[in-house]
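A short write-up of the structure that comes next.
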């Protein structure tokens, strides 16, 4: 007997659809209309057809549920890393901004120091002019030096620290190495671009 949620049709007895085989002849005269594909099948073929569809659905459910659990586990692993990466980016961004300001200030001081050194070289010309009684030339050099000295900031070496020591350089390199290690760990854990050719599309996560 056909299920109550399927219609029966006695007017087209003789030609029926068997599941997956197109039209076929069947001796059964009761037609059952399949609810998911609207095909008319005999009672025997309908039972096979329904069974196959149910099996496909169960397999699909199993696959989707398994994928959903995997995705939940992936999210649980990646959410903390997302927070750490975001925090690290903000930290590096602030330090980068500070270092860029420091670099600009250092470059400005170097330009001022170079100008001061250049003025120091002109003193030799002033000395020679005075020794040879070239007073007009001495006056011109003197005026230039006075104007430049009045405008230039006064730099004193005692106001600045010493060049970086070998220990300080090693410490800087060690900090860079630690940061590289953290980034490499995050890259491997999160399925980063370096280890994953399609990670840029955000559609793959490497398994541990």
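Residue numbers (UniProt numbering): 1 to 208. Yeah, the Cβ is synthetic: ideal placement off N, Cα and C, and Gly gets one too.
**Item:** residue 58 versus residue 70: straight-line alpha-carbon distance, rounded
**Value:** 18 Å
**C-alpha distance - residue 97 paired with residue 149, whole-angstrom precision** = 33 Å
**Asked** For residue 175, does the three-state DSSP call read helix, strand or coil?
**Response** helix
**Request:** Please report how far the alpha carbon of residue 154 lies from the alpha carbon of residue 78, in whole angstroms.
**Result:** 54 Å
**Prompt:** Ordered along the chain, which non-local residues of its own chain (more than five positions away) have a Cβ less than 7 Å from that of residue 189?
**Reply:** 81
**Message:** Measuring straight from C-alpha to C-alpha, what distance separates residue 94 and residue 108?
**Reply:** 22 Å
**Prompt:** Where does residue 95 fall in DSSP's three states?
**Reply:** helix
**Prompt:** Quick one: is residue 36 buried, meaning 16 or more other Cβ sit within 10 Å of its Cβ, or exposed?
**Reply:** exposed
**Prompt:** With a CB to CB cut of under 7 Å and the five nearest residues on each side skipped, what residues in its chain are close to residue 141?
**Reply:** 122, 125, 126 and 129
**Item:** Per-residue DSSP class, three states only, for residue 290
**Value:** Beyond the ends of the chain as shown, which are 1 and 208, falls residue 290; an answer cannot be given.
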